[in-house]
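Asker: Have a look at this one before I ask anything.
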Amino acid sequence: MAQVKMAVWGFAVVSVLCFITAVIPLFKGGSLNVVFLACGVVFLIVAAAAHAKNTRTDNNAPPAA
Numbered sequence: 009m010a011q012v013k014m015a016v017w018g019f020a021v022v023s024v025l026c027f028i029t030a031v032i033p034l035f036k037g038g039s040l041n042v043v044f045l046a047c048g049v050v051f052l053i054v055a056a057a058a059h060a061k062n063t064r065t066d067n068n069a070p071p072a073a
């Protein structure tokens, strides 16, 4: 459980770092780096999927109201 949580946070941090790296050329007068932007999106999707899989329960009971 703790390893999954650490992996989710790791993927989220890498995603944010990729987004920052994609935006840096804009401040230097260049264009947006779409490769790092795409990598950031992929890592964010992986983090969301890992988090969703971790929080899903296996029992068939209806959710509490």
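Each residue of the sequence shown is one higher than the one before, starting from 9 at the first, in the numbering used here. For every residue, glycine included, the Cβ atom is placed at its ideal position computed from N, Cα and C. Remember, it's a predicted structure, so these values are computed and weren't measured experimentally.
1. Give a yes or no on whether the C-beta atoms belonging to F19 and F51 are separated by under 7 Å.
2. Which of helix, strand or coil does DSSP assign to L45?
3. Following the continuous alpha helix (DSSP H) through K36, name the residue where it begins and the one where it ends.
4. If we ignore side chains and look at the alpha-carbon of each, how far apart do A58 and K13 end up?
5. Between the beta-carbon of T29 and the beta-carbon of F44, is there less than 7 Å?
Answerer: The structure says:
1. yes
2. helix
3. No alpha helix (DSSP H) contains K36, which DSSP labels as neither H nor E.
4. 9 Å
5. yes
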